[in-house]
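A.B. asks: Numbering (this note's numbering), first residue to last: 46 to 516.
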Ligand code: BG6
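1) So within the segment 240-272, which uninterrupted beta strand (DSSP E) runs reach at least 3 residues, ignoring any that extend past its ends?
2) Check whether the Cβ atoms of residue 42 and residue 341 lie closer than 8 Å to each other.
3) Pop quiz: residue 238 and residue 459 are said to be a contact at Cβ under 8 Å. What is the actual Cβ separation, rounded to whole angstroms?
4) Below 8 Å CB to CB, which residues in the same chain sit around residue 401 once its five sequence neighbours on both sides are set aside?
5) Roughly how many angstroms lie between the CA atoms of residue 240 and residue 397, to the nearest whole one?
6) Buried or exposed: residue 338, going by 16 or more other Cβ atoms within 10 Å of its Cβ?
7) Give the single residue among 510, 516, 500, 465 whose Cα lies nearest to the Cα of residue 232.
8) Start and end of the beta strand (DSSP E) containing residue 443?
9) Could you name each continuous alpha helix (DSSP H) segment of 4 residues or more that falls completely within the segment 49-124, going from the start of the chain to the end?
10) Leaving out five residues before and five after residue 472 in sequence, what residues of the same chain have Cβ atoms less than 7 Å from its Cβ?
11) Please check the pair residue 176 and residue 489, which I expect to be a contact at CB under 8 Å, by giving their CB distance rounded to whole angstroms.
12) Just the Cα atoms here: how many angstroms apart are residue 395 and residue 412?
13) Any heavy atom of the ligand FAD closer than 7 Å to the Cβ of residue 358?
14) Do residue 167 and residue 132 come within 8 Å of each other at the CB atom, strictly closer than that value?
15) Taking only the alpha-carbon atoms, compute the straight-line gap between residue 21 and residue 140 and give it to the nearest angstrom.
16) Among 173, 387, 417, which one has its Cα closest to the Cα of residue 506?
17) Spatial neighbours of residue 47 within its chain, please: C-beta separation below 8 Å, excluding the five flanking residues on both sides.
18) Is any heavy atom in the ligand BG6 found nearer than 7 Å to the beta carbon of residue 393?
19) Is the closest heavy atom of the ligand BG6 to the C-beta of residue 272 under 7 Å?
20) Helix or strand or just coil, what does DSSP make of residue 359?
21) How would you write the range of the beta strand (DSSP E) that residue 394 sits in, first residue to last?
22) Where does residue 468 land, buried or exposed, given buried means 16+ other C-beta within 10 angstroms?
23) For residue 15, list the residues DSSP reports as bridge partners.
24) In whole angstroms, what separates the C-alpha of residue 385 from that of residue 410?
25) Just to confirm before moving on: does the CB-CB distance between residue 330 and residue 307 stay below 8 Å?
26) At a cut-off of 7 Å, would you count residue 204 as near the ligand BG6, judging by its Cβ distance to the nearest heavy atom?
27) Suppose you measure from the CA of residue 268 to the CA of residue 283; what does that come to, to the nearest Å?
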């Protein structure tokens, strides 16, 4: 299949500058983009193409994984176009399609929705109506629009896929009426992270872990994604979303399901997704009135002063959630999911604590380090050296994969990996609709119970380790 280009809605946004352009620049440097591949950034701002390219260049200097080079950027920049439009105005899409046609990138085109969820539907609608007018599809009316006429055009849609289940369903229905289902890619960039992909190998390629991966040996599982950054320029989006929808429903749920799933029947993406989805379906139902026992929401002091955040906002920037999975393997084992902004460290990891082997003996720990360092750490017990007694010392083995310089620059960034997968029509590292649906159902219930029976919000200082009350 030909890949001719990518159109980024939200081309002047944080995501485009920090993640998408650096990923595309690296793919360009690695020779993974076809010679005539073009990238169209769409935004409302009045930039000339040169001004836009200058901005992109500054971000590349800072965010490219591969060493930035002026010489390579000179070649890369010939791929970049800037297109100004109001994405919420349906009438502007006909001109956009004309532009795409003129640039000759229709074949194998990828649309990237790097915008807030409320723009997803207007963009899809705008494209649909304009495409109808183009008579490309011979469609009589938009209502009977046939998604087949979109051929191999793909769409990548950013999380959160809506603000709740109903919104997510509506967005998906709308997308399906325009794009073929197999061409809709729900991106969750955590699925492209090296150590998250590695969890399956760790679990299923090592007898020492595989054999003890069950309630008989495991005391608890913790999945933490701590950030030092606040909401920066994303206050408008974040204030409507909050940490539950921004991080828990997608990134942390995906990790949890990979940690907890049964061994998939085979390595196909369908079997893996099915195994993950079974975990979501087996989440223990919540006792609504006792929501405080499993959920804690926090907000950093100063959040309400952030740009585009309501002065009386009750949006959570910190969440601690305790889950249980009701199946043979996990019955009774708590899973703690925690995430927060403006904390004292950037650290994402999975910590599995094993049961103690007797009084006074520490349980073993296995830490899968996702970022900033990537690696695996195991804590275990040995006899205190130099003594004849059975006094026990806890020691650790620490494997830091990313500390090896070669690996640091050799491992593709998540977005790089995922954009390439999409170009290659490989969906295995993308979220699947059923997973999104099941996880939203659970999160919806949590939110409803919180609003009905709790509404407690714990404040914490910026650069601290979160609310003191957190579990
Ligand atoms: C995004 C969230 O999906 O992930 C952001 O919208 C968050 O709020 C980011 O900061 C974290 O990603 P990473 O790769 O920096 O851990």
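Every residue, glycine too, gets a C-beta built ideally from N, C-alpha and C.
C.D. replies: The structure says:
1) Listed in chain order, the complete beta strand (DSSP E) runs (minimum 3 residues) inside the segment 240-272 are 263-271.
2) Residue numbering for the chain in the displayed model covers 46 to 516; residue 42 lies beyond these limits and cannot be assessed.
3) Confirmed, Cβ separation roughly 5 Å.
4) Excluding residues within five positions, the ones whose Cβ falls inside 8 Å are 264, 407, 408.
5) Going from the Cα of residue 240 to the Cα of residue 397 covers about 15 Å.
6) Note on residue 338: under 16 other CB atoms within 10 angstroms of its CB, so exposed under the neighbour-count rule.
7) Checked all of 510, 516, 500, 465; the closest Cα to residue 232 is 465.
8) Annotation: the continuous beta strand (DSSP E) that includes residue 443 extends over 437-445.
9) Runs found: 66-74, 94-108, 115-122.
10) Excluding positions up to five away in sequence, the list reads 230, 314.
11) In fact, because the Cβ distance is near 33 Å, the residues do not count as touching under 8 Å.
12) If you take the alpha carbons of residue 395 and residue 412, they lie about 6 Å apart.
13) Within the structure as shown, the ligand FAD is missing, the only ligands being the ligand BG6.
14) Residue 132 is a Cβ neighbour of residue 167, given a cutoff of 8 Å.
15) Since the first residue of the chain shown is 46 and the last is 516, residue 21 is not available in this structure.
16) Checked all of 173, 387, 417; the closest Cα to residue 506 is 387.
17) Cβ contact annotation for residue 47 (same chain, cutoff 8 Å, sequence separation greater than five): 79, 152, 153, in chain order.
18) Result yes, Cβ under 7 Å from the ligand BG6.
19) Taking 7 Å as the cut-off, one finds at least one heavy atom of the ligand BG6 near enough to the beta carbon of residue 272.
20) Residue 359: coil per DSSP, three-state reduction.
21) First-last of the beta strand (DSSP E) with residue 394: 392-399.
22) So residue 468 counts as buried.
23) Residue 15 is absent from the model: the chain starts at 46 and stops at 516.
24) Between residue 385 and residue 410, the C-alpha separation is close to 23 Å.
25) No. Outside cutoff.
26) Answer for residue 204: yes, Cβ within range of the ligand BG6.
27) Their Cα atoms are separated by approximately 22 Å.
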